[in-house]
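By the working numbering, the letter at position 243 of the sequence shown is numbered 287, and the numbering carries on one by one without gaps. No residue lacks a Cβ here, since even glycine has one placed at the ideal position from N, Cα and C. What follows is a set of notes on a single structure, which appears directly below.
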Amino acid sequence: MSKNRRIPFGYMMQNGMITTNPAEVLAVLTIFSEYMVGKSLENIAINMKIPYNEDKIWNKNMVKRVLENEKYLGTNVYPQLICEEVFKKVNERKSAKATSLCIIPDELREIRNLTVCKECGKRLFRTKAELWDCRNHECRPFLFKMADEMLTGAILNILNTVIANPVLIEAVATVSEYIPTSEIRCKQSEIDRAIDNGTKTAEEIRNDILRLTEPKYKHCTYSDVNQKTELLKSLIDSRNQLNTLDIGLLRSCVKRITVSHSCVIEAEFINGVIIKNETERSNDNGSGSKCKDNPCKAENNGSTSSAEKG
45 MSKNRRIPFG YMMQNGMITT NPAEVLAVLT IFSEYMVGKS LENIAINMKI
95 PYNEDKIWNK NMVKRVLENE KYLGTNVYPQ LICEEVFKKV NERKSAKATS
145 LCIIPDELRE IRNLTVCKEC GKRLFRTKAE LWDCRNHECR PFLFKMADEM
195 LTGAILNILN TVIANPVLIE AVATVSEYIP TSEIRCKQSE IDRAIDNGTK
245 TAEEIRNDIL RLTEPKYKHC TYSDVNQKTE LLKSLIDSRN QLNTLDIGLL
295 RSCVKRITVS HSCVIEAEFI NGVIIKNETE RSNDNGSGSK CKDNPCKAEN
345 NGSTSSAEKG
């Protein structure tokens, strides 16, 4: 297990004195120069050839700490590695970049934490233009513009549908189920034959049964779906239709939200039931795609049923 560095990257202890580490100094200078030409913290981290500490792999937080470390300007203990002008420019650039980042409201941050792309499963990206999209380079961008109001409206619609129609979140599951493997069935048959034919002593049969107990137990499944369904019912029981999104209710009821490239938003509730808010795309006024709300649908164990909005 690697230890945390006590001496900043770029330095080392030699004969009881802190001095420069030539290989690490070169890496520090590379980090500053790469950031100055516009490379991201993550990109710099990926391309680092020298380990940060023993076998510890670089990440963007480590790069950020290097860029912010004022010890590189020189102190009574630490030799100077970076001139004041370069250090100032780098940190001015970093501060300007930080202030230009999209500031997302708390409500939308909660939604973003739950929302992923239906196709690739990666978290969605929200732009400064208040639009949502999939930025996974292995996936593809949305075919429509997904604005804040569309996403929050669809989620609100789903919650109101469930409040008006609690039957949509019904999910019945077997609490406990035992599914033996072919190996377990084979060993059980051997035990049964030994009992019928008397080919083993009672002590040997008892030991065989005890040895088979553990693998049998491992293949017993337990489902808490019924408990979670009852919890959902208690959370929405007697609730009035929502005029605005209730983030607390959303967090308690919904495990995940997915958005597909074809304008379908789904909420997977904590008991596994999926409610869809389907929308149809149109090209009115030639201004690009927009979505219109349709009734929600509930899915449970592969079945789908329609429900009118409440």
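The three-state secondary structure of GLN124, taken from DSSP, is coil. Boundaries of the beta strand (DSSP E) around LYS299: 298–303. Cβ-Cβ separation between ILE314 and CYS297: approximately 6 Å, consistent with a contact (criterion under 8 Å).
LYS132 and THR63 have their C-alpha atoms some 23 Å from each other. In the structure shown, LYS162 falls within a coil segment according to DSSP collapsed to helix, strand and coil. Residue state for GLN58 is assigned as strand, using DSSP reduced to three classes. Within its own chain, the residues whose Cβ lies closer than 8 Å to the Cβ of ILE228, once the five positions on either side in sequence are excluded, are LEU256, PRO259, LYS260, HIS263, listed in chain order. LEU125 is positioned such that its CB atom lies closer than 8 Å to that of VAL72.
Taking 8 Å as the cut-off, the beta carbon of VAL269 is found no closer than this to the beta carbon of ALA311.
Cα atoms of GLY118 and PHE53: separation of roughly 14 Å, rounded to the nearest angstrom. Cβ-Cβ separation between ILE88 and TYR96: approximately 12 Å, too far for a contact (criterion under 8 Å). In this structure ILE94 is not in contact with GLU112, their Cβ atoms being roughly 19 Å apart against a cut-off of 8 Å. Comparing alpha carbon positions, the residue from PRO185, PRO210, ARG170 closest to LEU195 is ARG170. Nearest C-alpha to ASN209 among LYS277, ASP240, THR245, LEU254: LYS277.
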